[in-house]
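Peer 1: Heads up: take any position in the sequence shown, counting from 1, add 664, and you land on our numbering. Every residue, glycine too, gets a C-beta built ideally from N, C-alpha and C. Just so we're clear, the structure is a prediction, and the values are computed from it rather than from any experiment.
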Amino acid sequence: MSFIIFVIILSVIIAIVKAIKNEKQNKKKVEKFYPTSAPYTVYHVSGLPIAEEVQLFLYDCGSRILLSNAGNDITISKSKITGVDFAAAKGFNIQWVLTIHYNSDGILKTVALKGGAELEKMKNILDSSCGSNHSIDL
665 MSFIIFVIIL SVIIAIVKAI KNEKQNKKKV EKFYPTSAPY TVYHVSGLPI
715 AEEVQLFLYD CGSRILLSNA GNDITISKSK ITGVDFAAAK GFNIQWVLTI
765 HYNSDGILKT VALKGGAELE KMKNILDSSC GSNHSIDL
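What follows is the structure, encoded as structure tokens:
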């Protein structure tokens, strides 16, 4: 029984160390984008050409936002963002979904990301820097 508890504790410690290492490596990699915010850890829900539940780091980079992990660097220009929604996610864990609406070559698109309540800060950043000066014509 104590061996099982030891293995569980060791697994948790390894997962935490790996997450910290990934975040540090990602911070170094994204320096070329000149981030103006700390990374927000998010998980892809929909809208990107990557699998669901893939962990990403979301950054405010002045005129654009950046979604980054070891294999991806995806940017969305703030001038193309038409709106941002923030709502509680369904499920047992208290998580939040940040939905970013943007225009890409005349096509309205959406990216949904899941994360913690700190994502409300990114919503506020996007609302103040790009949300109110855009309109959507349907």
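1) Can you tell me which of the three DSSP states A835 falls into?
2) Determine the direct distance from the alpha carbon of L722 to that of V676, and round the result to whole angstroms.
3) Between the stretch 784–791 and the stretch 730–737, do three or more beta carbon pairs fall short of 8 Å?
4) From this set, A702, K773, F697, V706, which residue's C-alpha is nearest D739's C-alpha?
5) According to DSSP, I721 sits in a beta bridge with which residue or residues?
6) Looking at the structure shown, is L783 part of a helix, part of a strand, or coil, going by DSSP?
7) With a 10 Å radius around its C-beta and 16 neighbouring C-beta atoms as the bar for buried, classify P713 as buried or exposed.
8) Can K744 and S793 be called in contact, C-beta distance under 8 Å?
9) If you compare alpha carbons, which of K754, A702, H765 is closest to K773?
10) Apart from the five residues just before and just after K778, which ones in its own chain have a Cβ nearer than 6 Å to its Cβ?
Peer 2: Put simply:
1) Here the chain has residues from 665 to 802 only, and residue 835 is not among them.
2) 24 Å
3) no
4) Strictly speaking, residue 739 in this sequence is Thr, with Asp absent from that position. Nearest C-alpha to T739: F697.
5) Correcting the residue type first, residue 721 is Phe in the shown sequence and not Ile. Answer is T705, S732, bridged to F721.
6) helix
7) exposed
8) no
9) H765
10) Y707, V709, A753, Q759, V761
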